[in-house]
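Heads up: the structure comes next, in structure tokens.
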Amino acid sequence: MITRDEILDAVVKRACGYEAKDTVEEYAVVDGSLELVKRKVTTKDVPPDIAAAKLIIDGGDVSDLTDEQLEKERKRLIGQLYELGIKDGE
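See the structure below:
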């Protein structure tokens with residue numbers, strides 16, 4: 060289970076914006092085996108999120124939120140990360 064501190068860290072990261080790396084790998088069959096033939100790494104700038112900043116400023120502390128509210132915010136943030144092509148934990 061994700062802790063409140065981890066959620067707060069994620070909200071702060073989202074509120075401030077960050078850079079994320081996206082890796083695309085291309086494989087081909089060479090002599091009967093699969094081999095990596097191309098790897099492209101791009102860096103994406105994720106802009107600051109006003110809603111996350113507002114949550115920090117207005118709430119001041121996520122300890123005021125219920126577990127249900129924290130879970131809802133966690134799912135919202137993870138959804139935004141997936142939309143940007145960022146996997147959970149990267």
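At position 50 of the sequence shown the residue is numbered 109 (my numbering), and the sequence of numbers has no breaks. Cβ coordinates follow ideal geometry from the N, Cα and C atoms, glycine included. Since the structure is predicted, the reported quantities are computational estimates derived from the model, not experimental observations.
- Item | Outcome for I61 when other beta-carbon atoms lying within 10 angstroms are tallied against a minimum of 16 | exposed
Practice item. With D64 as the anchor, note down where its alpha helix (DSSP H) starts and where it stops. Key: R63 to C75
Notebook entry, point to check: Can you find at least 3 beta carbon pairs, one from the stretch 104-113 and one from the stretch 65-85, that sit closer than 8 Å?
Noted result: yes
Note to self: Output needed for R73: all residues of its chain with C-beta closer than 6 Å, excluding positions within five of it in sequence on either side, in chain order.
What the structure shows: D108, A111 and L136
Margin query: Based on DSSP bridge pairs, tell me the residues matched to D81.
Written below: T101
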